[in-house]
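> Provided herewith is a single structure, encoded as structure tokens, for subsequent inquiry.
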Amino acid sequence: MSQETTILGIAALITGLIQGLGFLAAYFLQTEKFYDILGGLNFLILGIYTAIDGEFESDDEGGAWKDNTRKVSATIIFCISRGWLLMFLAWRAHERGGDSRFDEVKDKFGMFFIYWFVQAIWVFCISLPIIFINSSDKPFSDGSLSELDYVCIFGFAFAVAIEILADVNKAIWVKKGRQGGFCTVFPWNVSRHPNYFGEMLQWWSAFGLAFGAGSGWSDVQWWTSILSPVVTMNILLNTGGTGVMNANGKNLKRYYDRYPEEYSKYRNETSILIPMIGYKYVPLALKRTIFFDFACYEYKQTEVGNTKSKS
């Protein structure tokens, strides 16, 4: 069995144990308070474990972990990203006094288990590029990075910075009393969901960075790590109850009821994901395709029996 496969299997086992034991404790105590905490800690443990075991398992030709710029960069950015997620979700749960998602399920063994199982799949899939990079025994003796490596390291770090900035600035805006009714402080003035954009860009960048740790386009394990960005996009774009899907549609009613003209203008002129200026000049056909501003995200209100779409 190869080094990469061994570390991948142990990482899966670690994730299963953390989430499985977390579920049992949470069900017994009837609480959801450490759901997000264990998700964040799971990420950090995988990052640290794969770095340590990858170093231990590597042969002399593979070089030391600390001398492999790709491994060091990927692991540091990954841990900063997931450490921030851990702190932010814990703070948000504290501010809200809990998590309403679990009010109707935490006393139901099967349903509550599904939440923890999905979190295990999520954590493991998102971590695949980092697991692959750290478990790789591909020689890095010359210490060089490719142009793709540099682009992906920059993209990874930039995406984390955008997500943190978006979360912090919106939290400050909320603390100040939600001035204006909807958030338009930077970067929310150039993207309606800059935090989700940052999250998606992170894992596409990590996937690209992992390419240099493999054996090329035919490397099956590298291709497997594409689950990281694909799962992330599916959750944030297509899953009800979270992400873009949850933040749009019928949940826009409060904005259109209170600020119909202002919010309609903001929505038409501000990109749904990619931070940019001049979005109002982008053709609708492009908005509905490559910019991910799908019709299903529009708010539809019923007036005198007719359904009208607002964008």
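Numbering (the numbering used here), first residue to last: 12 to 322.
Backbone N, C-alpha and C fix where the C-beta goes; we use that ideal spot for every residue, glycine too.
1. I need the DSSP call for residue 232, collapsed to helix, strand or coil.
2. How far does the alpha helix (DSSP H) with residue 278 in it reach, from first residue to last?
3. Leaving out five residues on either side along the sequence, give the residues of the same chain with a beta carbon under 6 Å from the beta carbon of residue 180.
4. When you compare the CB positions of residue 259 and residue 251, do they come within less than 8 Å of one another, or not?
5. Among 268, 121, 96 and 78, whose alpha-carbon lies nearest the alpha-carbon of residue 145?
6. Using only alpha-carbon positions, find the residue among 129, 76, 142 and 36 that is nearest to residue 17.
7. Which parts of the region 176-222 are runs of the alpha helix (DSSP H), unbroken and 4 residues or longer, counting only runs that do not cross its ends?
8. Looking at the secondary structure, which residues open and close the alpha helix (DSSP H) in which residue 42 lies?
9. First and last residue of the alpha helix (DSSP H) that includes residue 98?
10. Taking just the CA atoms, how far does residue 299 sit from residue 305?
11. Which of the three DSSP states, helix, strand or coil, is assigned to residue 314?
12. Roughly how far, in whole angstroms, is the beta-carbon of residue 167 from the beta-carbon of residue 213, given that I think they are within contact range, below 8 Å?
13. Thinking C-alpha only, which one of 62, 52 and 44 is nearest residue 114?
14. Is the region 37-51 in contact with the region 90-108, if contact means three or more CB pairs nearer than 8 Å?
15. Just how far apart, CA to CA, sit residue 237 and residue 215?
16. Given this structure, state the Cα-to-Cα distance separating residue 133 from residue 159, to the nearest angstrom.
Quick answer:
1. Numbered from 1 along the sequence shown, position 221 holds the residue referred to as residue 232. Residue 232: helix per DSSP, three-state reduction.
2. Counted from its first residue, the sequence shown places residue 278 at position 267. Looking at the DSSP string, the run of the alpha helix (DSSP H) that includes residue 278 is 271-280.
3. Walking along the sequence shown from the start, residue 180 turns up at place 169. For residue 180, where only same-chain residues beyond five positions count, the Cβ hits under 6 Å are 196.
4. Within the sequence shown, residue 259 is the residue found at index 248, counting from 1. Within the sequence shown, residue 251 is the residue found at index 240, counting from 1. The answer is no: Cβ separation not under 8 Å.
5. If you number the sequence shown from 1, residue 145 lands on position 134. Considering only alpha carbons, the answer is 78.
6. On the sequence shown, position 6 is the one that residue 17 refers to. Of the listed residues, the one whose Cα sits closest to residue 17 is 142.
7. 205-221
8. Position 31 of the sequence shown, counted from the first residue, corresponds to residue 42. Premise fails: residue 42 is in no alpha helix (DSSP H) and is neither H nor E.
9. Along the sequence shown, read from residue 1 onward, the residue named residue 98 stands at position 87. 80-107 is the extent of the alpha helix (DSSP H) around residue 98.
10. Counting from 1 along the sequence shown, the entry for residue 305 is found at position 294. Counting from 1 along the sequence shown, the entry for residue 299 is found at position 288. So the two alpha carbons sit approximately 5 Å from each other.
11. Residue 314 sits at position 303 when you count from the first residue of the sequence shown. Confidence in residue 314 is poor, its pLDDT being 41 and thus under 50, which makes the residue's placement unreliable; the coordinate value appears in the next sentence. Strand.
12. By 1-based counting over the sequence shown, the position of residue 167 is 156. By 1-based counting over the sequence shown, the position of residue 213 is 202. Contact holds; Cβ gap of about 6 Å.
13. If you number the sequence shown from 1, residue 114 lands on position 103. Looking at the Cα atoms, 44 is the closest of the given residues.
14. yes
15. As a first step, residue 237 must be located in the sequence shown, where it is residue number 226. As a first step, residue 215 must be located in the sequence shown, where it is residue number 204. Cα to Cα, the separation comes out at about 8 Å.
16. Translated into positions along the sequence shown, residue 133 becomes position 122. Translated into positions along the sequence shown, residue 159 becomes position 148. For residue 133 and residue 159, the distance between alpha carbons rounds to 26 Å.
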